[in-house]
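Everything below concerns the one structure shown next.
There are 2 protein chains.
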Amino acid sequence: MNPIVPEFTDIENAHQIVQKYAHRTPILTSKSIDEIVGGELHFKCENFQKVGAFKFRGACNAVFSLSADDAQKGVATHSSGNHAAALALAARMRGVAAHIVMPENSPEIKKRAVAEYGANITFCKPTLQARESTLAKVVAETGATEIHPYNNFNVISGQGTAAKELIEDAGEFDIIIVPVGGGGLLSGTAISTKKLLPNCKVIAAEPAGADDAFKSFKSKILVPSENPKTIADGLLTSLGELNFAIILDKVDDIITVSEESIVTAMRIIWERMKIIIEPSSAVPLAAIIEGKIDFKNKKVGIILSGGNLDLGRLPF
Amino acid sequence: MNPIVPEFTDIENAHQIVQKYAHRTPILTSKSIDEIVGGELHFKCENFQKVGAFKFRGACNAVFSLSADDAQKGVATHSSGNHAAALALAARMRGVAAHIVMPENSPEIKKRAVAEYGANITFCKPTLQARESTLAKVVAETGATEIHPYNNFNVISGQGTAAKELIEDAGEFDIIIVPVGGGGLLSGTAISTKKLLPNCKVIAAEPAGADDAFKSFKSKILVPSENPKTIADGLLTSLGELNFAIILDKVDDIITVSEESIVTAMRIIWERMKIIIEPSSAVPLAAIIEGKIDFKNKKVGIILSGGNLDLGRLPF
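Going line by line, the protein sequences match chains A and B. Yeah, the first sequence ends on 388 if you go by this note's numbering, and it's all consecutive. Yeah, the second sequence ends on 388 if you go by this note's numbering, and it's all consecutive.
Shown next as structure tokens:
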């Protein structure tokens, strides 16, 4: 049986919520990058989103979609990344508790960000098993609703609002490219794009060192991520089941890129556009630089997924 | 005798030219920075300007204000910084030659930027004397018009368009703060601001390690910069005479800041706003952080002067 996945009307409903709390982020272009690559690129800047990442859209929709009864028991997740901060802020905006399970070895900067948003943090050993068992305990004790970072109907619907805005604000596209990790952004983007622009291709870019989505897409069997290794630390996770079903149905292609191209693409965006993006955000431009997409004379939309990274540990 | 300085009508005329070729840069705000400092800050993002700095405004106005006869002989300057790139691009846009004298020890990245804009580069020894004598020779040989980076009527008029846009787009301000090096941006900002918002204070922020403007302003005697030392490499120059006359007449105060505050302010803007600014741009926020300006509950405009720096040599 196929899982129940969001449709575009779910994204429209999510947008009613998301636009009340999130930024409608700007779409930037760069003549200088267009000259380098020979195409027309439009960058949707989710690095300027609240908490510095698109993740706020999905977290916001999930938190504000809860019934009053469920909401007052709070929300919970395990995450060491942008989803934790996003869920913490969305919960604070609704005035409910956020319970975040974080591996004890999470970077200090991320622990601080989540704490600043007022979340209750529970630390655990840095293994998936410890994260899941600790979260189960927290949920049992509090009655909080678990909000998975990407394998969640309302999260996917929320993430789909980024592509919806991109198309509403910048018109038609030939290709839209996004990075893929767990597949929340990719699946939401595919639903919005295929509804609004049926002829636009939706392509995912993935680090070769974390190519579970590529393998899954090509084999049509969900392959978990095994010892992934990439500077794009937002893309280490395995695809979710809901996301995979949507991706198989609606995504045109998934292509992989090298670490070197990711760093080159990141540096080009920093230097030419004067904006800060995290490595995950650079993966789509890396795919263009590697020449793996036929985008010459095409209008291309790219979602820059976020801008959170440790400035003391840059790759250049 | 007082020198002839631009008035606001000159800035209005400059704007007719500048707006045809330059970006009307966005004005960004940051709730998170407002919370840290306790004021309402509006940042005019000249780091997003062409060539990555406000300098393009002045260069553009100077180049396009030349008569056809003068223009066809080209323009010339000595500079190792943003003005060189700005003049080169403005000249290319008008289809005339730019002759740039650069010290032979200029950073490779700056040499490349100027060369990419198609300028004729003449290298010289890295002394002011060599720069001036080499420029004189180039001007004698080519008949090009020298465009000084800041001590120039049309350059000042062009730089004043940034504050004009800031006020037109974001309304009234209590205080506008800009960094001061040679004084081009400061003098242009003061002319626009005092005309459009007579009650708004115009304050300059300057690194303590390059405090010639501070000393000149306090003593009312033009004091040249002596062995200046600061990470804010756009602010090493001495005030120009034209600029100083305007500054004495229209600027409310000049305050100095430490190197440590500049780096802290720069990091705050990078981390919270996800935009790349060069150290010079961080000097106004450094003044706010140091508590040297009474800005609580005030609406403050800051011009972020540029975003060009070597990403391989960051101070954090």
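Glycine is no exception: its CB is placed at the ideal position from the N, C-alpha and C atoms.
Original post:
Contact check, Ser-178(B) vs Ser-152(B) under 8 Å by CB: the rounded distance?
Top reply: Locating residue 178(B) in the second sequence gives position 106, counting from the first residue. Locating residue 152(B) in the second sequence gives position 80, counting from the first residue. Indeed, because the Cβ distance is near 4 Å, the residues count as touching under 8 Å.
Original post:
Thinking C-beta only, is Gly-384(B) closer than 9 Å to Glu-350(B)?
Top reply: Within the second sequence, the letter at position 278 stands for residue 350(B). Within the second sequence, the letter at position 312 stands for residue 384(B). No, the Cβ-Cβ distance between Glu-350(B) and Gly-384(B) is not below 9 Å.
**OP:** Check Gly-281(A) in the structure and name its three-state DSSP category.
**Re:** Here residue 281(A) corresponds to residue number 209 of the first sequence, with the count starting at 1. Note: Gly-281(A) maps to helix in three-state DSSP.
**OP:** Pick helix, strand or coil for Cys-132(A), following the three-state DSSP scheme.
**Re:** Indexing the first sequence from 1 puts residue 132(A) at position 60. If DSSP states are grouped into helix, strand and coil, Cys-132(A) belongs with the helices.
Subject >> Residues of the stretch 341 to 354 of chain B whose Cβ lies closer than 7 Å to any Cβ of chain A, in chain order >> reply: Trp-342, Glu-343, Lys-346, Ile-347 and Ile-348
**OP:** Could you tell me whether the Cβ atoms of Val-168(B) and Gly-146(B) are closer together than 9 Å?
**Re:** Walking along the second sequence from the start, residue 168(B) turns up at place 96. Walking along the second sequence from the start, residue 146(B) turns up at place 74. Result yes, Cβ atoms of Val-168(B) and Gly-146(B) sit closer than 9 Å.
**OP:** Report yes or no: is there a C-beta of chain B within less than 9 Å of the C-beta of Glu-224(A)?
**Re:** Here residue 224(A) corresponds to residue number 152 of the first sequence, with the count starting at 1. For the sequence presented, residue 224(A) should be read as Asn rather than Glu. Cβ-Cβ to chain B under 9 Å: no for Asn-224(A).
Original post:
For the stretch 219 to 247 of chain A, which residues have a CB atom closer than 7 Å to at least one CB atom of chain B, in sequence order?
Top reply: none
Subject >> Minimum C-alpha distance to Glu-278(A) - residue among Ser-297(A), Glu-213(A), Leu-268(A) and Ala-187(A) >> reply: Position 206 of the first sequence, counted from the first residue, corresponds to residue 278(A). Glu-278(A) has its Cα closest to that of Ser-297(A), out of Ser-297(A), Glu-213(A), Leu-268(A) and Ala-187(A).
**OP:** On the DSSP bridge assignment, give the partners of Pro-175(A) in chain order.
**Re:** Numbered from 1 along the first sequence, position 103 holds the residue referred to as residue 175(A). Per DSSP, Cys-196(A).
Original post:
Using a C-beta cutoff of 9 Å, does Pro-98(A) count as contacting chain B?
Top reply: For this step, residue 98(A) is matched to residue 26 along the first sequence. At least one chain B Cβ lies under 9 Å of Pro-98(A).
**OP:** May I ask you to report which of helix, strand or coil DSSP gives Leu-268(B)?
**Re:** For this step, residue 268(B) is matched to residue 196 along the second sequence. Residue state, collapsed to three classes: helix.
Original post:
Gly-281(B) CB to nearest chain A CB: under 9 Å?
Top reply: In the second sequence, counting from the first residue as 1, residue 281(B) sits at position 209. Cβ-Cβ to chain A under 9 Å: no for Gly-281(B).
**OP:** Could you say if the stretch 263 to 275 of chain A and the stretch 313 to 322 of chain A meet the contact criterion of at least three C-beta pairs nearer than 8 Å?
**Re:** yes
Subject >> DSSP-derived helix/strand/coil call for Leu-311(A) >> reply: Your numbering for residue 311(A) matches position 239 in the first sequence. Of the three classes helix, strand and coil, the one that applies to Leu-311(A) here is coil, per DSSP.
Subject >> Gly-255(A) burial status per 10 Å Cβ neighbour count (16 or more: buried) >> reply: Working through the first sequence from its first residue, we reach residue 255(A) at position 183. Burial call: buried.
Subject >> Spatially closest choice to Leu-386(A) from Ala-140(A), Ile-76(A), Met-338(A) and Leu-258(A), by CA coordinates >> reply: As a first step, residue 386(A) is located in the first sequence; it is residue number 314 there, counting from the start. Comparing Cα positions, the closest option is Met-338(A).
Subject >> Contact between the stretch 226 to 234 of chain A and the stretch 211 to 218 of chain A (3+ Cβ pairs under 8 Å) >> reply: no
**OP:** Assess, as a yes-or-no matter, whether the stretch 185 to 193 of chain B is touched by the stretch 86 to 101 of chain B under the definition of 3 or more beta carbon pairs within less than 8 Å.
**Re:** no
Subject >> Alpha carbon of Ala-242(B) to alpha carbon of Ala-202(A), nearest angstrom >> reply: As a first step, residue 242(B) is located in the second sequence; it is residue number 170 there, counting from the start. As a first step, residue 202(A) is located in the first sequence; it is residue number 130 there, counting from the start. Ala-242(B) and Ala-202(A): Cα-Cα distance of roughly 51 Å.
Original post:
How is Ile-249(B) classed by DSSP in three states: helix, strand or coil?
Top reply: Numbered from 1 along the second sequence, position 177 holds the residue referred to as residue 249(B). Three-state result, Ile-249(B): strand.
Subject >> Close-in-space but distant-in-sequence residues of the same chain around Asp-382(B) (CB under 7 Å, 5 per side omitted) >> reply: Translated into positions along the second sequence, residue 382(B) becomes position 310. Contacts found: Pro-179 and Ile-181.
**OP:** Please report the residue range of the beta strand (DSSP E) in which Leu-113(B) lies.
**Re:** Numbered from its first residue, the second sequence carries residue 113(B) at position 41. Segment 112 to 117, the beta strand (DSSP E) holding Leu-113(B).
Original post:
For the ligand HEM, is there a heavy atom less than 8 Å away from the beta-carbon of Glu-362(B)?
Top reply: This structure simply doesn't include the ligand HEM, nor any ligand for that matter.
Subject >> Reduced DSSP category for Ile-318(A) - H, G, I as helix; E, B as strand; rest coil >> reply: Taking the first residue of the first sequence as 1, we reach residue 318(A) at position 246. Of the three classes helix, strand and coil, the one that applies to Ile-318(A) here is helix, per DSSP.
Original post:
Thinking just about the alpha-carbon of each residue, which of Phe-388(A), Gly-110(A) and Pro-175(A) is nearest to the one in Leu-357(A)?
Top reply: On the first sequence, residue 357(A) is found 285 positions in, with the first residue counted as 1. Per the Cα distances, Gly-110(A).
Original post:
Under three-state DSSP, which class holds Thr-302(A)?
Top reply: Position 230 of the first sequence, counted from the first residue, corresponds to residue 302(A). In this structure, Thr-302(A) counts as coil in the three-state DSSP scheme.
**OP:** Quick one: using the 10 Å Cβ neighbour count with 16 as the cut-off for buried, is Val-366(B) buried or exposed?
**Re:** On the second sequence, position 294 is the one that residue 366(B) refers to. Reading off the sequence, residue 366(B) comes out as Asp, not Val. So Asp-366(B) counts as exposed.
**OP:** Enumerate in chain order the residues of its own chain whose CB-to-CB distance from Arg-96(A) is below 7 Å, with the five nearest sequence positions on each side excluded.
**Re:** What you label residue 96(A) is simply residue 24 of the first sequence in a count that begins at 1. Glu-237, listed in sequence order.
**OP:** State yes or no: is the beta carbon of Phe-120(A) nearer than 9 Å to at least one beta carbon in chain B?
**Re:** Residue 120(A) sits at position 48 when you count from the first residue of the first sequence. So, interface residue.
Original post:
How about Ala-148(B) and Gly-130(B): do their beta carbons lie closer than 9 Å?
Top reply: For the purposes of this step, residue 148(B) is identified with residue 76 of the second sequence, where counting begins at 1. For the purposes of this step, residue 130(B) is identified with residue 58 of the second sequence, where counting begins at 1. Cβ atoms of Ala-148(B) and Gly-130(B): not closer than 9 Å.
Subject >> Status (buried if at least 16 other CB within 10 Å, exposed otherwise) for Thr-81(A) >> reply: Counted from its first residue, the first sequence places residue 81(A) at position 9. Looking at its Cβ environment, which holds fewer than 16 other Cβ atoms inside 10 Å, Thr-81(A) is exposed.
Subject >> CB contact check: Leu-161(A) to chain B, cutoff 9 Å >> reply: The residue given as residue 161(A) occupies position 89 in the first sequence. Not closer than 9 Å to any Cβ of chain B, the Cβ of Leu-161(A) fails to qualify, so no.
Subject >> Where Arg-339(A) meets chain B, residues with beta-carbon distance less than 8 Å >> reply: As a position in the first sequence, residue 339(A) is number 267, starting the count at 1. Per Cβ cutoff of 8 Å: Leu-383.
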